[in-house]
Amino acid sequence: MPDMKTTIIGALLALSVAGAATARAEEVLRFATWDTGESLAIQQAIAKKFEEKHPGVKVQVEPYAEGYDQKLVAAFGAGNPPDVMYMWSFPQYYTSLMPLDELIARDSAEIKPDDFPEGLMNTTRIEGKTYGMPSGFTTQVVFYNKEMFAKAGVEEPKEGWTWDDLRAKAAKFRDEAGKVYGFAVDAKPDPYDFEQFLWSNGTKYISDDGKEIDGYMNSDAAAAVLGMFADMARKEEAVTLHLGDETGGDTLFQGGKIAMFQSAMWDKADIDAAGFSYGVAPLPTFGDRPAHSALGVSAISIAKDAAHPDLAWEFVKFFSSPDSVAMRVNDLPVRKSVAEAKGMTKDPVYKPFFDILATSNTERHAYLKNANWGKIQDNLARAIEATMIDQGNAKAHLDDAVKRSKRLLK
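The sequence shown maps to residues -25 to -1, 1 to 385 in mature numbering (1 follows the signal peptide of the UniProt record, and there is no 0).
Below, the structure is given as structure tokens:
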């Protein structure tokens, strides 16, 4: 019969082995995000729910914050990437990501890909392959100050309004002494967002195959768009942003200095906090053509060299589930069913964001079509700024941008 000492040692050894086995059994799934604050807290709550459904799994949420891209590139370069991560620049990262098409097809009954708008899915595809599931989005709209409209006796924007309608309304708000304008145009807009106006006027920056810009970026339709904004500045229907004064349109709108402000969901919280009554209108159209919007889309992707690829896909599915999508209240829902269940597709504040999404599902942003787009875009940005400075010659400036960029197409 063993003595007490031997029994105790044996028991301790057994516990030690069991503990080691448990430690070995626990899988750690790394999830990198750029978010902070409330959005980060929501993601951590989703991770906790995933852990509850998967005993023995720990989701390690890694908030890279402002250094997101640098940290992600370093992790990929070191061969130690997070398993799953927030993603936006698919042309930059797709060679390091896992294609998801076969997994989506295999689990289509669970993930319901038709519940995700096609326009959002298009932003995650490179060369016909899907590298992420949308996690949040915004389209562009026009916020307007209801109080300023009422005081000026100007009719509020209506669905189906045109750029001519906007210009006519904007002109009625011009108050030189008070430095008040009806609208704001940007001398240095983000070219990514600016392409929406070309789409809405029947053109685009670059051909669908990514090989031609002549006849697209400098087309008559493109020049008409850029020339219109320059003319609005010249006639003082709009204040011009970022010409010697870095005050943003958001600040001017919140301060009652412009009556209408074209923006997206990222400005809504600050507009709410400003405390005045506002409405949300869709982007105006060019004549009878449908308006299109740039798509600001975040997605969740899996590293090609993920340590736990199967578990990573389970997390992506969970993150894409209706319950998880509904939890992300700082984003517009990426699932149609969730948006409808929340009443957002009928709410007058949110409806314009979803309405224009339905017409923005056919065009793909230029950066998805050509690997050198970043350098081409620099020439385009200079052409836009030059046009806004001299308030004219849009076609000549765009022709110059095309001439400078042709060698970059190859």
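By construction, the Cβ of each residue, glycine as well, lies at the ideal position given by its N, Cα and C atoms.
- In its chain, beyond the 5 residues on either side, Asn97 have a beta carbon closer than 7 Å to the beta carbon of Arg339.
- A direct Cα-Cα distance of roughly 16 Å separates Val3 from Ala20.
- Within a 10 Å sphere around the beta-carbon of Pro92 sit 16 or more other beta-carbons, which makes this residue buried.
- In the three-state reduction of the DSSP assignment, Arg379 falls in the helix class, which pools H, G and I.
- Annotation for Phe112: the continuous beta strand (DSSP E) segment containing it runs Met108 to Thr113.
- Per DSSP, Gly254 lies in no alpha helix (DSSP H) segment; the continuous beta strand (DSSP E) that holds it begins and ends at Tyr253 to Ala256.
- Residue state for Ala16 is assigned as helix, using DSSP reduced to three classes.
- Using a 10 angstroms sphere on the CB of Lys232, the tally of other CB atoms reaches 16 or more, which defines it as buried.
- Put simply, the region 283 to 292 does not touch the region 342 to 353. Fewer than three CB pairs are less than 8 Å apart.
- Two segments are said to touch when three or more pairs of C-beta atoms, one from each, lie closer than 8 Å; by this definition the region 244 to 259 touches the region 313 to 333.
- By the beta-carbon neighbour count (other beta carbons within 10 angstroms, threshold 16), Gln35 is exposed.
- Counting every other CB atom within 10 Å of its CB across the protein chains shown gives Gly230 a total below 16, marking it as exposed.
- A check of alpha carbon separations from Arg142 across Glu134, Asp220 and Met203 identifies Met203 as the nearest.
- Phe6 and Val48 do not touch by the CB rule: their CB atoms are close to 17 Å apart, not below 8 Å.
- Counting along the chain, Glu2 sits inside the beta strand (DSSP E) bounded by residues Glu2 to Thr8.
- With a threshold of 16 other beta carbon atoms within 10 Å, Thr226 falls short and is exposed.
- Membership of Thr215 in the beta strand (DSSP E) is indicated by the continuous run Ala213 to Leu216.
- A Cβ-Cβ distance of about 6 Å is found for the pair Val309 and Gly111, placing them in contact under the 8 Å criterion.
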